[in-house]
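J.: One structure is given below, represented as structure tokens, and several questions about it will come after.
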Ligand code: DX5
Ligand code: ZN
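Residue numbers (full-length UniProt numbering): 4 to 221.
Right, dumping it as structure tokens:
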């Protein structure tokens with residue numbers, strides 16, 4: 004898949020009808036699955052059993068965003084189950100390299116995510132261990148929050164390193180992405196755009212994805 008990529012977040016979908024909700028965004032590049040444990044973030048969503056069920060009903064590669072404590076323990080099973088990309092939070096572990104190695108060994112892309120207030124500088128030296136960097140543009144925990152433009156400095160820095168061949172990662176952004184904010188994120192150099200409420204909060208999710216992709220391309 005070549006950027007720009009759109010990854011609808013099922014956090015804003017109807018959890019009682021996940022299979023039809025997933026089918027409604029069939030043209031998407033990745034499907035973003037927010038796993039929350041009520042400890043790392045003040046919200047609780049879904050876990051491995053739901054991911055396993057989703058894998059049975061869709062061919063869209065699953066992008067699992069683990070907002071959980073102790074990713075060293077919980078992340079590898081998502082890769083083993085067949086998730087395409089497994090992203091965990093830098094703030095949740097003392098040994099991100101070990102977690103990334105385990106995710107890759109289990110056959111998935113490894114992703115590192117940073118909250119809006121977490122600088123990326125401390126992690127630049129280890130980013131060769133990762134396939135994806137997910138820059139949070141809202142505080143993790145809930146959909147429907149407002150985009151924080153200040154995080155785009157991190158995107159620009161990552162873009163620069165990728166373009167100069169120093170890093171080989173996909174730059175992903177998550178939080179507050181909609182028709183009004185996606186262009187500034189695209190301009191800063193994002194490859195993959197997560198969108199929850201901007202996709203599932205509309206009457207026609209497929210059209211919303213198309214529209215977002217068009218704006219990201221322009
Ligand atoms: C928030 C989640 C996001 C969320 C984004 O913690 O990580 O993936 O679904 O929702 P929107 O696009 O509505 O900001
Ligand atoms: Zn997310």
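Backbone N, C-alpha and C fix where the C-beta goes; we use that ideal spot for every residue, glycine too.
Extract the residue ranges of the alpha helix (DSSP H) inside the region 77-150, only unbroken runs of 4 or more that lie entirely within it.
T.: Entirely contained in the region 77-150, the alpha helix (DSSP H) runs reaching 4 residues are, in chain order, 79-84, 99-108.
J.: Cβ of residue 176 within 8 angstroms of Cβ of residue 188?
T.: Yes, they are a contact pair.
J.: First and last residue of the alpha helix (DSSP H) that includes residue 190?
T.: 185-191 is the extent of the alpha helix (DSSP H) around residue 190.
J.: Specify, as a first and last residue, the run of the beta strand (DSSP E) that residue 10 falls within.
T.: Where residue 10 is concerned, the enclosing beta strand (DSSP E) stretches over 8-11.
J.: Cβ atoms of residue 110 and residue 96: under 8 angstroms apart, would you say?
T.: No. Outside cutoff.
J.: Can you tell me which residues fall inside 6 angstroms of the ligand ZN, judged by beta-carbon distance to its nearest heavy atom, and keep chain order?
T.: Going by the Cβ distance cut-off, the answer is 12, 35, 37, 68, 177, 197.
J.: In the structure shown, what three-state DSSP assignment does residue 161 receive?
T.: Note: residue 161 maps to helix in three-state DSSP.
J.: Does the Cβ of residue 167 have 16 or more other Cβ atoms within 10 Å, making it buried, or fewer, making it exposed?
T.: The residue in question, residue 167, is exposed, as its Cβ has fewer than 16 Cβ neighbours within 10 Å.
J.: Given residue 12, which residues of its chain have a CB within under 7 angstroms of its CB, disregarding the five upstream and five downstream residues?
T.: Cβ neighbours of residue 12 beyond the five flanking positions: 35, 37, 146, 197, 198, 199.
J.: Can you tell me which of the three DSSP states residue 170 falls into?
T.: Three-state result, residue 170: coil.
J.: Are there 16 or more other CB atoms within 10 angstroms of the CB of residue 120, so buried, or fewer, so exposed?
T.: Classification of residue 120: exposed, given that the 10 Å Cβ count is below 16.
J.: So the candidates are 63, 103, 14, 163; which of them puts its Cα closest to the Cα of residue 50?
T.: The option with the nearest alpha carbon to residue 50 is 14.
J.: Quick one: is the Cβ of residue 8 within less than 7 angstroms of any heavy atom of the ligand DX5?
T.: No, Cβ of residue 8 sits at least 7 angstroms from all heavy atoms of the ligand DX5.
J.: Quick check on residue 161: buried or exposed, where buried means 16 or more other Cβ atoms within 10 Å of its Cβ?
T.: Its Cβ being crowded by 16 or more others within 10 Å, residue 161 is buried.
J.: So which of 92, 126, 82, 169 has the shortest CA-CA distance to residue 65?
T.: Residue 82 is the option with its Cα nearest to residue 65.
J.: Quick check: residue 102 and residue 86, are their CB atoms within less than 8 angstroms of each other?
T.: Not in contact: residue 102 and residue 86 (Cβ atoms no closer than 8 angstroms).
J.: For the alpha helix (DSSP H) that contains residue 34, what are its first and last residues?
T.: Premise fails: residue 34 lies in the beta strand (DSSP E), 34-39, not in any alpha helix (DSSP H).
J.: By how many angstroms is the C-alpha of residue 150 removed from the C-alpha of residue 93?
T.: The alpha-carbon atoms of residue 93 and residue 150 are separated by roughly 20 angstroms.
J.: Starting from the Cα of residue 114, find the closest Cα among 143, 152, 42, 67 and give me that residue.
T.: The candidate whose alpha carbon is nearest that of residue 114 is 67.
J.: May I ask you to list the residues that DSSP assigns as paired with residue 198?
T.: Its beta-bridge partners are 11.
J.: Is it the case that the Cβ atoms of residue 144 and residue 39 are separated by a distance below 8 angstroms?
T.: Against a cut-off of 8 angstroms, the Cβ pair of residue 39 and residue 144 comes out as a contact.
J.: When we look at the beta-carbon of residue 4 and count the other beta-carbons within 10 Å, is it buried (16 or more) or exposed?
T.: Result: exposed.
J.: Just reading off the alpha helix (DSSP H) that residue 215 is part of, what are its end residues?
T.: Segment 208-220, the alpha helix (DSSP H) holding residue 215.
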